[in-house]
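2 protein chains.
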Amino acid sequence: MTSIKDLAQHLGVSIGTVSRALNDKFDVKPATRERVLKAAAELGYVPNQAGRSLRQGNTGLVGFVLETSSEGMMQGDLFFIRVFDGMQSVLSEYGLHLMVMMSPSSEKSDEYLQKIVGRRLADALVLSSTRRIDPRVNLLADQNIPFVMLGRSQTDRGQPWLDLDFEGMVTDAIERLHARGHRRIALAVPRQELNLRYVMLDTYRTQIERHGLAFDENLVIETAPGDNGGVALAHHIMEMEDRPSAVIFSDPIHPFGLYRGLTEMGLVPGKDLAILGIATRLATVLNPNLTHYRVRLFDLGRRVAQALIHRLPHLNTENPPPVIRERVPFTLVEGDSDLPLE
Amino acid sequence: MTSIKDLAQHLGVSIGTVSRALNDKFDVKPATRERVLKAAAELGYVPNQAGRSLRQGNTGLVGFVLETSSEGMMQGDLFFIRVFDGMQSVLSEYGLHLMVMMSPSSEKSDEYLQKIVGRRLADALVLSSTRRIDPRVNLLADQNIPFVMLGRSQTDRGQPWLDLDFEGMVTDAIERLHARGHRRIALAVPRQELNLRYVMLDTYRTQIERHGLAFDENLVIETAPGDNGGVALAHHIMEMEDRPSAVIFSDPIHPFGLYRGLTEMGLVPGKDLAILGIATRLATVLNPNLTHYRVRLFDLGRRVAQALIHRLPHLNTENPPPVIRERVPFTLVEGDSDLPLE
DNA sequence: GGCCTCACCGTAAACGTTTACGAAAACATG
DNA sequence: CATGTTTTCGTAAACGTTTACGGTGAGGCC
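Listed in order, the protein sequences are those of chains F and Y. Heads up: the first sequence is residues 0 to 341, going by numbering that gives the first Met the number 0. Heads up: the second sequence is residues 0 to 341, going by numbering that gives the first Met the number 0.
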């Protein structure tokens, strides 16, 4: 593997000159720069990242912290690859690379994160599975590690975040269902720790009451992620006394489980229970067609990367750097799973 | 950020001693080792990866080269996260981390790969989307970069690979369909360059003839990946003269498209066309139930990581290192999409 | 005490970069 | 020609590790 020293020797100049030539510094004669670049191309020189990192204190890597907690199918299974793709498309413009880190979930995740940042494995991080109280935020903020959250948290250190517009989704869904005659609307929420649970719950309560309906906590149902969660949800709802006529959810896998659960019970999705929530294009195979909210994951990834770039001191031009805090909106895809209540 | 030098200063010993203590070398007094470890824990010392990499010539990172070519839904969307998870579970035991690299597809991918290996970003790589003639194999083999292929290629440099047992899948599927009276069986294959196309095609031809059937190249249908591909496939088949009664596929998204396409035409999956191929647990939502072949992705990831570990000189104990070349078998999940032909 | 053997530890070099600094060369100006 | 200015380049230090090597002191043996 050819190093900068090899180049220097080969050309009869000093390593300093070679480095300056390669990095487009000003104080090098155009002629010698040419020679250096030519030789570099011929010998297939590529700068060693470790050397560079050590000297300049940054690695060129961006870490995406992924928690794969549950056993079954995860929400992320359908989401993340697309987001990664979008992120990388931006990062590439800055010579950065995406590193996906598989973090242990919840209790051990702080410890894991500490090790990661200590070793200086990445210049910046993206946090997902954000919790309502999220110690990771303090951990990173205290050490001045640039990061962006994909999701929100009540632990606020002024960090940037990107999130899907769950408020908008729930608001629109309730509006829509209400207009179609539904009066008892269930809401599927994720487990306690996750911030998303409260975002959905608060919006739900506000909107339910805005429409003059009574808030009933029995209609807020904690649901496990994945298709199993959806199946269980279907059974739970159908066994309720004073049964709701519609359900709203945020996990794109849930509708698959809901459809399966209902079918198992001999019921018809959209007719015996209106179903409305977030999904991906894969949902188009459901029959009857699922009315759902969709988001452009690739673009989301791009936006996350841009927010991250702003946090990197050596790349950011604006001063002070802008703190991006955005909810990216869903678009509605109409189907037949939320027909008017007859 | 505390470095080894800080530790040394704080304890009044030399940096050499500190390093040896931390790395469990033999020539350091137990008492001082204790002191060093205690101080390290107190000051929150974590070794800087760049320094270590530079010195020892390895980065502690394993790269997974992911090509995200197509626009629509990809096969990988349902696959990879699980595989990553399995890989990381093994890599963690060795202090390694997984880095997912988003490679541009096909023509630019060699160039990209060259840059990656030159910068010494990763100690070892996993290649996916393996092509029949795959220049990346030579590129890596020439430079002695350890790598494992997830998939196979005819470009053979003695590298290890892991692949799904597509031969077994196609063989079993034909056997099964034949036993149920099907005589004209279509096969969906991916695009030209990919090695998988030929694996499937060869097995198909052999098995078809073994059952005394005539090989008809019209029954081998190149199909775009994703749900769109599945829809198109359904239409294509149903518009054929001398129409097949069954179809075999390898993309886990295809059945979703097939079901949708058939439904659009007013046909019933499993009845008007037998459907049999690879899928994930998400397929359980299809109605009628999809008969399909499944694989434990997490375990596949673990196996890939193990194969990779064997290639790392500083970790491998056995000499010479074993070259893993395995096809991991599918298990059949019976459903109602391949009913006997009446 | 002289000598050898250990156990333990400090010194310094090396990995491949970037960059502050100063030196040399080239050129212009008086 | 002397001096000043600018352009170009070489030198060397620094980033944080690991490790080969040599040195110091303690202890054992005669």
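Where a beta carbon is used, it is the ideal one built from N, C-alpha and C, also for glycine. Owing to the predicted nature of the structure, the values given are computational and were not obtained by experimental measurement.
Quick one: Cα of residue i to Cα of residue j, how far?
i       : j       : result
T154(Y) : A273(Y) : 35 angstroms
G150(F) : V198(F) : 10 angstroms
V169(F) : L65(F)  : 26 angstroms
L6(Y)   : A39(Y)  : 7 angstroms
R324(Y) : S152(Y) : 12 angstroms
I144(F) : F63(Y)  : 25 angstroms
P103(F) : L193(F) : 16 angstroms
A49(Y)  : V61(F)  : 15 angstroms
G71(Y)  : T129(F) : In this prediction, G71(Y) scores a pLDDT of 47, lower than 50, which makes its location untrustworthy; no coordinate-derived value is stated.
L338(Y) : H309(F) : 57 angstroms
R204(F) : V246(F) : 14 angstroms
Q158(Y) : D298(F) : 37 angstroms
D201(F) : L21(Y)  : 50 angstroms
L314(F) : T16(Y)  : 38 angstroms
F146(Y) : N318(Y) : 17 angstroms
G228(Y) : P268(Y) : 16 angstroms
G334(F) : A223(Y) : 26 angstroms
R242(Y) : M264(F) : 36 angstroms
H210(Y) : M239(Y) : 23 angstroms
L112(F) : F214(F) : 40 angstroms
Return yes when the Cβ of residue j is within less than 8 angstroms of the Cβ of residue i, no when it is not.
i       : j       : result
T283(F) : R259(Y) : yes
G300(F) : R81(F)  : yes
M148(Y) : L176(Y) : no
H234(F) : L340(F) : no
L95(F)  : F83(F)  : no
A187(Y) : L232(Y) : yes
L42(Y)  : T1(Y)   : yes
E166(F) : R326(F) : yes
D109(F) : R131(F) : no
V99(F)  : V99(Y)  : yes
M101(F) : T58(F)  : no
Among the options, which one has its Cα closest to the Cα of residue i?
i       : options                            : result
R183(F) : A233(F), I220(F), S244(F)          : S244(F)
L296(Y) : E341(Y), R310(Y), D164(Y)          : D164(Y)
G56(Y)  : R204(Y), L200(Y), L120(Y)          : L120(Y)
I349(Y) : L193(Y), H9(Y), I173(Y), A233(Y)   : With chain Y running from 0 to 341 in the structure shown, residue 349(Y) is simply not present.
K28(F)  : L42(F), V12(F), P103(F), S52(F)    : V12(F)
D226(F) : E263(Y), G276(Y), L281(Y), Y44(Y)  : L281(Y)
D141(Y) : G117(Y), D162(Y), R131(Y)          : G117(Y)
T262(Y) : D241(Y), R209(Y), I277(Y), P287(Y) : P287(Y)
S336(Y) : P319(Y), Y292(Y), N315(Y), H313(Y) : Y292(Y)
M237(F) : E221(F), L257(F), S249(F)          : L257(F)
T31(Y)  : N315(Y), P46(Y), I14(Y), F146(Y)   : I14(Y)
A185(F) : G43(F), F248(F), N315(F), R135(F)  : F248(F)
H9(Y)   : K37(Y), H210(Y), T316(Y), P159(Y)  : K37(Y)
T316(F) : Y93(F), V45(F), N47(F)             : Y93(F)
F329(F) : A278(F), G229(F), I132(F)          : A278(F)
D171(F) : G228(F), L112(F), G276(F), V17(F)  : G276(F)
L393(F) : A178(F), M239(F), P319(F), E240(F) : Beyond the ends of chain F as shown, which are 0 and 341, falls residue 393(F); an answer cannot be given.
E106(Y) : M86(Y), S88(Y), G85(Y), D133(Y)    : D133(Y)
G85(F)  : P321(F), N137(F), V294(F), G334(F) : V294(F)
N47(F)  : F214(F), K4(F), L112(F)            : K4(F)
Round the Cβ separation of residue i and residue j to the nearest angstrom and send it over; I've been treating them as touching at under 8 angstroms.
i       : j       : result
L285(F) : P254(F) : 6 angstroms
L90(Y)  : A304(Y) : 5 angstroms
A306(Y) : L161(Y) : 6 angstroms
D26(Y)  : R19(Y)  : 7 angstroms
R190(F) : E221(F) : 6 angstroms
D122(Y) : L311(Y) : 6 angstroms
V45(F)  : K270(Y) : Their Cβ separation, rounded to whole angstroms, is 58 angstroms, which puts V45(F) and K270(Y) out of contact at 8 angstroms.
Sorry if obvious, but does the Cβ on residue i come closer than 7 angstroms to a heavy atom of the ligand GDP?
i       : result
E110(Y) : Within the structure as shown, the ligand GDP is missing, as the structure has no ligands at all.
Q) What runs of the beta strand (DSSP E), each 3 residues or longer, lie entirely inside the stretch 201 to 289 of chain Y? A) Listed in chain order, they are 219 to 221, 245 to 248, 273 to 277.
Q.
I'd like the ranges of any beta strand (DSSP E) spanning at least 3 consecutive residues and lying wholly in the stretch 68 to 130 of chain Y.
A. The stretch 68 to 130 of chain Y contains these whole beta strand (DSSP E) runs: 96 to 102, 123 to 126.
(Q) Going residue by residue through the stretch 19 to 45 of chain F, where are the continuous alpha helix (DSSP H) segments of at least 4 residues, counting only ones entirely within it? (A) Taking only runs of at least 4 residues, the alpha helix (DSSP H) segments lying wholly in the stretch 19 to 45 of chain F are 29 to 42.
Q.
So within the stretch 143 to 189 of chain Y, which uninterrupted alpha helix (DSSP H) runs reach at least 4 residues, ignoring any that extend past its ends?
A. You should have 165 to 178.
Q: Could you name each continuous alpha helix (DSSP H) segment of 4 residues or more that falls completely within the stretch 293 to 328 of chain Y, going from the start of the chain to the end?
A: Whole alpha helix (DSSP H) segments, 4+ residues: 296 to 308.
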